[in-house]
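What follows is a set of notes on a single structure, which appears directly below.
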Amino acid sequence: MANELNLYKSRKGSYAITASELHDLLDFNPGMFTIHIKRWLKDSYIFDNDIRRPIVLKDFSVRLRAEQKGVTDYFLSLPLARQIVLHSGAKNKMEIARKILKYESEAVVLEEKEVLKILQLVRIMSRTSYQELAEKMHFAYFERQNNNMEWGDYRTDMINNHASLAHKLSVQWNKKTAESVRKKCLSQQPNELIRIAVMDFLMSKGKSVLYASKMAGLAKDFADEWEISIYEDNVSAHLFAPTLDTEKMNALLFATSA
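So the sequence shown is numbered by the working numbering: it starts at 128 and just counts up by one.
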């Protein structure tokens, strides 16, 4: 019987847990494992902005266990494992789900190419025109997911939960709210606009909320360290604004997420 969740790292750098250990921690009858795993992998879950069934090699993969012939174990992604736990009727599901959520937050692995992408995004998202473009891309992605939530509510929650604004939003996100937030950030917390834009961009590419939030936080830290200035190029061109590599920008905007 497993007493603790063990994290397993894939060759791609992502983390997973095994279905058998999760089953043990939920204190289910071991003889029900095969029945439960079939149900888990066929059920529908909320993955960030998408409601769908688990996808092989994205949300789970087979793990053959030689010591238990005839029983197939699986590696489960942390988001899938958390959803499974919350769908279960286990008495300790809240405790385990919180632990997995903590793992998700801490297990974001940075590869060199990802760091370089964040550095490039910091420079690109210092321009207000690209900040607005990133939000439009995120909105388009949101619309394709058939959400039950309205964009205004979703956007307000995202800003309140993942940006570090001096004051939380008390009204639904709309054009007037967006203009107010932009105006306040420009005068008090300019690099929060970079944080929000990077998060918009990454989520528009299907990245998880936790991943996007962590990378956006890193981008904001870079911007603070380098004392990046925000260029309002949608209003007027800045005399000293750096020339953007449009090919690099297109590569970032239209690259498929890993």
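For glycine and all other residues, C-beta sits at the position ideal for the given N, C-alpha and C. Remember, it's a predicted structure, so these values are computed and weren't measured experimentally.
DSSP state of residue i mapped onto helix, strand, coil
i	result
I355	coil
I182	coil
R322	helix
K303	helix
D170	coil
K218	coil
A143	strand
D360	coil
D177	strand
K341	helix
H294	coil
S335	coil
M330	helix
Q247	helix
A234	coil
Q316	coil
Residue i: first and last residue of the uninterrupted alpha helix (DSSP H) it sits in
i	result
F155	F155 -> no alpha helix (DSSP H), and no H or E assigned at all.
D280	W278 to H289
L134	Note, L134: premise wrong, no alpha helix (DSSP H); not H, not E.
Q258	T255 to R271
Burial state of residue i, where buried means 16 or more other Cβ atoms lie within 10 Å
i	result
D280	exposed
S307	exposed
S363	Annotation note: pLDDT 45 at S363 (below 50); position unreliable, coordinate value reported separately. Answer is exposed; the Cβ neighbour count stays below 16.
H294	exposed
V212	buried
S331	buried
D186	buried
M128	With a pLDDT of 49 at M128, under the threshold of 50, the predicted position of this residue should be treated as unreliable, and no value is reported.
Q210	buried
V249	buried
L152	buried
E319	buried
L337	buried
I251	buried
W167	buried
I164	buried
S137	exposed
8 Å contact criterion, which residue i and residue j should meet: CB distance rounded
i	j	result
I321	A350	5 Å
A324	Q258	4 Å
M342	I227	That pair is no contact at about 20 Å.
P206	E241	Not quite, the Cβ-Cβ distance comes to about 18 Å (not below 8 Å), so this is no contact.
R179	D170	Actually they are not in contact, since the Cβ atoms of R179 and D170 sit about 10 Å apart, beyond 8 Å.
S335	D200	Their Cβ separation, rounded to whole angstroms, is 24 Å, which puts S335 and D200 out of contact at 8 Å.
Q198	T161	Note that residue 198 is Val in the sequence shown, not Gln. Going by Cβ atoms, the distance from V198 to T161 rounds to 7 Å, so yes, they are a contact pair.
Terminal residues of the beta strand (DSSP E) in which residue i lies
i	result
D200	T199 to S204
R190	F187 to L191
Check whether residue i and residue j have beta carbons under 7 Å apart
i	j	result
A146	S204	no
D177	A261	no
L296	A208	no
P317	I286	no
S291	I355	no
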